[in-house]
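Take a look at the structure set out below.
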Amino acid sequence: MISDFGENVNVSDAQNDVKFNAPVFIGGTGRSGTSILAGILGTHNSLYFACHENKLISEYNGLRDVADVFSHKSDIIRRHFAIVNFFGRAASMTRFGFRDATLNQKLSDLCKNKGMGFQQAFELVQRENPQANGAIHSIGQAFGAEYFEKCVKVFLNQLVAHVDQDGIVDTDGLLKPFFLGKDLERVEVLAMCREFLFALYAKSGPVRWVDDTPTNALHIDFLHELFPKMKFIHMVRNPADVVSSYVKQVWFPSDVGLAAKQISSMLLKTEALEKSLPAGSSMTVRMEDLVGETEATVAKVAAFIGVENRFNHSFVSSEAANIGRADENPEIEDAVNNLLGGWKERHGYAS
Numbered sequence: 031m032i033s034d035f036g037e038n039v040n041v042s043d044a045q046n047d048v049k050f051n052a053p054v055f056i057g058g059t060g061r062s063g064t065s066i067l068a069g070i071l072g073t074h075n076s077l078y079f080a081c082h083e084n085k086l087i088s089e090y091n092g093l094r095d096v097a098d099v100f101s102h103k104s105d106i107i108r109r110h111f112a113i114v115n116f117f118g119r120a121a122s123m124t125r126f127g128f129r130d131a132t133l134n135q136k137l138s139d140l141c142k143n144k145g146m147g148f149q150q151a152f153e154l155v156q157r158e159n160p161q162a163n164g165a166i167h168s169i170g171q172a173f174g175a176e177y178f179e180k181c182v183k184v185f186l187n188q189l190v191a192h193v194d195q196d197g198i199v200d201t202d203g204l205l206k207p208f209f210l211g212k213d214l215e216r217v218e219v220l221a222m223c224r225e226f227l228f229a230l231y232a233k234s235g236p237v238r239w240v241d242d243t244p245t246n247a248l249h250i251d252f253l254h255e256l257f258p259k260m261k262f263i264h265m266v267r268n269p270a271d272v273v274s275s276y277v278k279q280v281w282f283p284s285d286v287g288l289a290a291k292q293i294s295s296m297l298l299k300t301e302a303l304e305k306s307l308p309a310g311s312s313m314t315v316r317m318e319d320l321v322g323e324t325e326a327t328v329a330k331v332a333a334f335i336g337v338e339n340r341f342n343h344s345f346v347s348s349e350a351a352n353i354g355r356a357d358e359n360p361e362i363e364d365a366v367n368n369l370l371g372g373w374k375e376r377h378g379y380a381s
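Residue numbering for the sequence shown follows this note's numbering, beginning at 31 and increasing consecutively.
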């Protein structure tokens with residue numbers, strides 16, 4: 031039952047609440063300032079920034095994939111896996127770290143005693159224990175782990191017509207239990223997605239909310255379909271600096287050429303997608319402007335999303351942003367210029 035979300039959450043309001051239905055989505059390549067901007071927006075008393083990167087919206091096995099799969103009317107196997115994968119993805123992000131208490135203690139010791147960052151320490155422990163279940167990202171804790179799990183289960187129950195506990199045998203072998211998804215129109219699935227997000231973000235009352243998942247940039251068409259009144263902010267940064275940062279991360283191969291191609295693909299696709307949005311739905315913010323001309327840039331953001339400029343941006347540091355970190359690496363500059371020469375000119379990064 032939809033009412034199972036909780037006493038204080040009436041998800042029927044999800045379709046009509048003006049504040050909830052005008053979220054602010056931030057996206058970009060990653061390593062481009064999405065977190066910095068989200069942190070600034072989160073200081074405003076009329077915006078709710080619950081957590082960094084709600085990966086259950088636009089990322090793989092999230093709401094976008096559920097909506098797309100359930101739009102294929104007769105494919106019961108796809109629906110089964112969409113349900114299973116969404117639940118698994120959500121479960122993996124309920125809490126930080128590992129399910130094994132001993133590994134969590136080792137993770138904590140590396141951070142406290144060795145001075146490692148969380149992701150660096152996590153990578154070390156995970157590589158030593160490749161079969162261990164763990165996560166470097168958690169959204170469940172932001173909403174309350176138990177409440178988050180409840181919202182996920184209620185959402186999935188809305189999608190399921192029948193659960194066969196004995197399972198079925200298909201090409202992939204025994205699927206047990208087997209989840210038979212309902213026959214739903216796309217508009218119905220989108221309404222359920224909105225209700226799920228409303229339950230998460232409006233637990234304490236309807237609110238305008240913010241999400242900064244970088245891959246939002248690649249799926250702004252879906253985000254606009256889900257929330258026609260949404261605002262999208264594309265965070266960009268000198269692509270050479272982004273490449274220089276990518277190859278130092280635990281979540282990407284240390285290869286300049288691969289990083290340049292990935293970043294080029296994302297930037298060009300997002301640029302094309304933005305043209306499909308209604309006028310006034312998107313804006314581009316350069317990280318260099320955000321950290322170098324913070325007051326003026328934040329004022330433009332406030333005007334774009336339609337709030338008073340009452341942000342606290344005192345924590346923003348141009349030094350911490352590592353602007354120009356790739357200036358002394360000709361390999362990176364050459365790779366970026368070959369792929370993004372025109373894009374750099376259009377966005378003020380031409381040499």
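Beta carbons: idealized from backbone N, C-alpha and C, even for Gly.
Residue environment, residue i, which counts as buried when at least 16 other CB atoms sit within 10 Å
| i | result |
| --- | --- |
| F345 | exposed |
| F201 | With the sequence shown as reference, residue 201 is identified as Thr, and Phe is not the correct amino acid for it. Exposed is the call here. |
| K85 | buried |
| S284 | exposed |
| H110 | buried |
| E37 | Low local confidence applies: a pLDDT of 45 at E37 is under 50, so the model's placement there is unreliable, and no value is given. |
| E363 | buried |
| S24 | Because the chain spans 31 through 381 in this model, residue 24 falls outside it and cannot be assessed. |
| V184 | buried |
Alpha-carbon spacing of residue i relative to residue j, whole angstroms
| i | j | result |
| --- | --- | --- |
| R61 | V277 | 11 Å |
| R376 | E318 | 15 Å |
| N339 | L320 | 14 Å |
| T124 | M265 | 27 Å |
| P164 | F208 | Before going further, note that residue 164 is Gly rather than Pro in the sequence given. Cα to Cα, the separation comes out at about 25 Å. |
| L248 | I166 | 22 Å |
| G203 | I113 | 17 Å |
| H343 | T327 | 11 Å |
| S122 | Q161 | 14 Å |
| D23 | F178 | Here the chain covers residues 31 to 381 and nothing more, so residue 23 does not appear. |
| V48 | A356 | 43 Å |
| R103 | D43 | It should be noted that the sequence gives Lys, not Arg, for residue 103. Distance between the alpha carbons of K103 and D43: 28 Å. |
| S65 | T132 | 31 Å |
| G63 | V199 | 47 Å |
Contact set for residue i: own chain, Cβ-Cβ below 6 Å, skip 5 residues either direction
| i | result |
| --- | --- |
| G322 | S348 |
| G235 | none |
| A289 | V273, Y276, V277 |
| Q149 | I166, V280 |
| M222 | Q188 |
8 Å CB neighbourhood of residue i in its chain, flanking five on each side removed
| i | result |
| --- | --- |
| L253 | F55, I87, S88, N246, M260, F262 |
| G354 | N268, D271 |
Beta-carbon contacts of residue i that lie in its chain and below 7 Å, excluding the five residues immediately before and after
| i | result |
| --- | --- |
| C181 | F35, F226, A229, L230 |
| T59 | P244, V272, I293, M296, L297 |
| Q156 | A162, G164 |
Beta-carbon gap between residue i and residue j smaller than 9 Å
| i | j | result |
| --- | --- | --- |
| V237 | Y78 | yes |
| A97 | L220 | yes |
| G197 | L205 | yes |
| G127 | N134 | yes |
| K291 | L369 | yes |
| R119 | G147 | no |
| H383 | D242 | Residue 383 lies beyond the residue range present for the chain, which begins at 31 and ends at 381; the question has no answer from this structure. |
| V331 | L71 | yes |
| F257 | N51 | yes |
Residue i at chain B interface by Cβ criterion, 9 Å
| i | result |
| --- | --- |
| H254 | Among the protein chains of the structure shown there is no chain B, as only one such chain exists. |
Rounded Cβ spacing between residue i and residue j (contact assumed at less than 8 Å)
| i | j | result |
| --- | --- | --- |
| P53 | V315 | Actually they are not in contact, since the Cβ atoms of P53 and V315 sit about 17 Å apart, beyond 8 Å. |
| G57 | I335 | Not quite, the Cβ-Cβ distance comes to about 14 Å (not below 8 Å), so this is no contact. |
| F116 | G211 | 11 Å between Cβ atoms; not a contact. |
| A80 | A172 | 5 Å |
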